[in-house]
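Encoded as structure tokens, the structure appears first; notes follow it.
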Amino acid sequence: MFERRKGAHARNHAAPSRRRRAAPRKRRLRPAYPRPGRQGFRRWVPSWRQTLGLFLSAGGLLTALVAIMYARTDIPADLNAFATQQDNVYYWADGTEMARTGEINRQDTALEKIPEKVRWAALAAENETFYSDSGISVSGMTRAVSRMVTGGSTQGGSTITQQYVKNAYLNQRQTFSRKFTEMFIAIKLDNRMSKDDILEGYLNTSWFGRGTYGIQRAAHAYYGKDVSQLNASEGAFLASLLKGAGLYDPSLGAKNHARAVERWEWILDRMVTIGKLSKEERARYTTFPEPQAPPKPAGLTGQTGYLVETARAYVSAHTEVTDHDFDLGGYQIRTTFEKPKVDALDKAVQEVRGKLDPEKRESDKDVRIGAASVTTDGRIVALQGGPGYLKQGFNDANSAVVPAGTAFTPFVYAAALGDGIQRERDKPRTPVSPSTVYDGDNQVSLLTPEGPYWDRAGKIVKGTNDGGRSWGKISLRDAVAQSVNTPMLQLGMDVGLDRIGSTAVRTGLLADSLGTKVPAFSLGNTTPSAIRMAGAYGTFAAQGMHSEPYSVDKLSRNGNAVAVEKPTAERALPQRVAAAVDDALHDAVKKGSATTAGAAAPGSAGKTGTEAKNKSAWYVGYQGKLSTAVSLCRIDPKTQELLPLDGLGGAAKSAVGSPYPIDIWSAYMKGQKN
């Protein structure tokens, strides 16, 4: 009995123990807030374990976020517009700058063409650890971000890699998103590109003031030289501009000058400190390298626009450069234009324009003058395209609307001397010479191998001479020199108008400028440009060798040569034929229709030109190796039709042609050296 009670008692005491093991108390997995067992504010202070956990969680989240942003940030496929588009620079024949086109004044240059000490001047100023860093500056980024947060002035806080990313791929706004994007692209770019490539891109896209992007244009803007010619001292000044050209360009004021000198000295000293400039060389740079005054912008005013337009067209037609590539810029175009000749030709034209009075004389309105000088090897050295490119965009020197008039007769003469004549159908052609005689009387009927030439009205066509003068029997040489019409009309019929056209094209005129093949063809219904007319007459001066006119001597892009076609001389006329035409044109100056040109250019040769209906006037002449053509006409601005020259400049209504073209030619040629 006792034993049972004892066992029962034992079981009764053991039961609770079994229940505790079967159902243990659950532990909390979340921090207890407020913390139990603490009093007052201590209840809200997290434990060290809670604090560590919080930081680890935040760090992990931030790391994951950065990794995601890095993975999702790509290097843009396209550079900024100003990082790809450059200006095209046109140069005179002597290498001086003529004009610059394009909205952005920037020129790329290869890193190896930038002197090493000039490169290190920039590195010393901006990022001396460039070749060893990872492409970003954590301390600089932190400083820049903190300044933005506190509302202070913006700071770059960037490596050269980051600055290049900002220049080439991003905008210039100081925002958090732009800064982080800059950082990620910089890291990727540093892994993908060589340091030299990054430095080259940076120096070619950085702003240096005075409207320039890139160190090449900066070298020209501040020192008037190629970047390859800079020394360490000049490079140190240009490097100072990277911190802010508006603060360090000495031309902007005395304070700027003082800042520039101070930073220039600091950069040179810094180069010594980092071992990139010897103390001996540093000691030589004691005088601040004063930059030149800001250059005046070269625009397209006056004749410059016509020159640029002509050269641009030549590049398009005679290189493999597409219009798209050319518009992206970066090209250097060395033209054939000579500034002294362009200025002299423009002055001569302006003197003649000063004699016109469109306000008082109706006959002086809407006058168009075109002129061009071409050497016998094809170089176009001067143009006169109009009153100014910004006033009149149409280039009258390249206009193909002005009839050549009797200035065309030398081509008739050349064709006759080369091909002979045929007066009877199916009979052999007969040679002619300068002394061959033709009828020079007025109102001579024109003959074909079949008989008289009839017009559509059923009348026999008769030739007329200026002033109705009859010259009697006259040699072909004298007919050309004296500008007698009737022999040239008949000679054209005897030679054949197609043959004359072929001769004109071989010597330099364009086939699509040739006039209608009627008798008037021999008296110049063809409409060549002044450029083409000057080039064709140059063939006579060059003993029958012809070179196509060209306006671009050299072409390069970012300093690297680009192939450009240049003409080679070809035989256009037999030498004896060219010599005979040359002789007649010399005689025209000595005692013929162009004697006024002889005083201005002794030994020159040339020919006046008047159109049958008195709607154009020309003078084309050459001295030595320089051939110049001047055309004059009046064009109705509404209908674009030719107007008569009657009464031009106050001349008598009965006057034929105009003395102005030969006056322009003579004034221009005075003092020219060929």
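Residue numbers (my numbering): 195 to 868. Every residue gets a Cβ at the ideal spot worked out from N, C-alpha and C, and that includes glycine.
If you check the beta carbons only, do W458 and F482 fall under 8 Å apart? In this structure, F482 lies closer than 8 Å to W458 by Cβ.
Per-residue DSSP class, three states only, for A511: Helix at A511.
Going along the chain, which residues of its own chain have a beta-carbon closer than 6 Å to the beta-carbon of A698, five neighbours each way excluded? Closer than 6 Å at Cβ, skipping near neighbours: F605.
Classify H740 as buried or exposed, calling it buried when 16 or more other Cβ atoms lie within 10 Å of its own Cβ. So H740 counts as buried.
Classify E764 as buried or exposed, calling it buried when 16 or more other Cβ atoms lie within 10 Å of its own Cβ. So E764 counts as exposed.
Euclidean distance between Cα positions of Q368 and T355: In this predicted model, Q368 has a pLDDT of only 47, less than 50, meaning its place in the structure is not dependable; the value taken from the coordinates is given anyway. Computed Cα separation, rounded: 17 Å.
Inter-residue spacing [alpha-carbon to alpha-carbon] between Y862 and G572: Near 19 Å, if we compare the C-alpha coordinates of G572 and Y862.
Just verifying my parser: in three-state terms, what is the DSSP assignment at R294? DSSP, reduced to helix, strand and coil, places R294 within a strand of the structure shown.
Exposed or buried, which one is T498 when buried takes at least 16 other CB atoms within 10 Å? Of the residues assessed, T498 falls on the buried side of the cut-off, its CB having 16 or more other CB atoms within 10 angstroms.
Taking DSSP as the reference, what is the three-state secondary structure of R573? Of the three classes helix, strand and coil, the one that applies to R573 here is strand, per DSSP.
For G403 and L435, believed in contact at Cβ under 8 Å, the rounded distance: Yes, they are in contact, since the Cβ atoms of L435 and G403 sit about 6 Å apart, within 8 Å.
Can you look up I468 in the DSSP assignment and give me helix, strand or coil? Annotated three-state conformation of I468 is coil, per DSSP.
Given A799 as reference, the closest of N679, A601, D613, E835 once Cα atoms are compared: For A799, the closest C-alpha among the options N679, A601, D613, E835 is that of A601.
What does a CB cutoff of less than 6 Å around D268 pick up in its chain, not counting 5 residues either side in sequence? Any reading at D268 must be qualified, since the residue scores a pLDDT of 49, below 50, and its modelled position is unreliable; the value itself is stated next. Cβ neighbours of D268 beyond the five flanking positions: none.
When we look at the beta-carbon of K200 and count the other beta-carbons within 10 Å, is it buried (16 or more) or exposed? Residue placement at K200 is poorly supported in this model, since its pLDDT is 46, which falls under 50; the coordinates still yield a value, given next. Answer is exposed; the Cβ neighbour count stays below 16.
Suppose the cutoff is 6 Å on Cβ atoms and the five residues either side in sequence are ignored; what does the same chain contact list for Y500 look like? So the qualifying residues of the chain are L577, G579, Y583, N589.
Among A452, T822, V502, the one whose alpha carbon lies nearest that of T802: Of the candidates A452, T822, V502, the one whose C-alpha sits nearest the C-alpha of T802 is T822.
Counterpart residues of N299 in DSSP-defined beta bridges: DSSP, once it has assigned bridges, lists T406 as partnering N299.
Quickly, what does DSSP pair V568 with across the bridge? List them, please. The partner list for V568 (beta bridge, DSSP) reads I574, S821.
Through-space distance from G690 to A736, alpha-carbon basis: C-alpha separation (whole angstroms): 25 Å.
Please determine if the region 679 to 694 and the region 778 to 797 are in contact, where contact requires at least 3 C-beta pairs separated by less than 8 Å. No, the region 679 to 694 is not in contact with the region 778 to 797.
Inter-residue CB distance, K809 and L767 (contact presumed, cutoff 8 Å): The beta carbons of K809 and L767 sit about 30 Å from each other, so the pair does not count as a contact at 8 Å.
Report back the beta-carbon spacing between K533 and S567 to the nearest angstrom; my notes put them in contact at under 8 Å. Not confirmed; about 12 Å, so no contact.
Give the DSSP-derived three-state secondary structure of S627 in the structure shown. S627 falls in the coil class under three-state DSSP.
Could you check whether D830 and D560 sit closer than 8 Å to each other, using their CB atoms as the reference points? With contacts defined by Cβ atoms closer than 8 Å, D560 and D830 form a contacting pair.
Rounded to the nearest angstrom, how far is the Cβ of G843 from that of D660, given a contact under 8 Å? About 18 Å separates the two Cβ atoms, so there is no contact after all.
Option in E484, R693, T295, Q410 with minimal Cα separation from Y442: Here the closest residue by C-alpha is E484.
Note down, in chain order, each residue of its chain lying with its Cβ closer than 7 Å to the Cβ of R448, except the 5 sequence neighbours on either side. The residue you asked about is not Arg; residue 448 is Ala in the sequence shown. The answer is none, since no qualifying residue turns up.
Exposure of S340, with buried meaning 16 or more beta-carbon neighbours within 10 Å: Note that S340 scores 49 on pLDDT, short of 50, meaning its location in the model is unreliable and no value can be drawn from it.
Can you give the Cα-Cα distance for Q401 and R726, rounded to whole angstroms? Checking the sequence, you will find Trp at residue 401 rather than Gln. Within the model, the alpha-carbon separation for W401 versus R726 is close to 44 Å.
Please work out which residues of its chain come closer than 7 Å, Cβ to Cβ, to I468, disregarding the five sequence neighbours upstream and downstream, and give them in chain order. Non-local beta-carbon contacts of I468 in its own chain, meaning distances under 7 Å to residues more than five positions away in sequence, involve A318, E322 in chain order.
In three-state DSSP terms, what is T529? In the displayed model, T529 falls within a strand according to three-state DSSP.
If distances are taken between C-alpha atoms only, which option among K667, Q544, A565, R663 comes closest to L826? Residue nearest to L826 within the set K667, Q544, A565, R663 is A565 (criterion: CA-CA distance).
Measuring alpha carbon to alpha carbon, tell me which residue in V359, T603, D384 is nearest A730. That would be T603, whose Cα lies nearest to the Cα of A730.
Under three-state DSSP, which class holds G657? Strand.
Residues in the same chain with beta-carbon distance under 7 Å from A705, minus the five sequence neighbours each way, listed in chain order, please. Around A705: V699.
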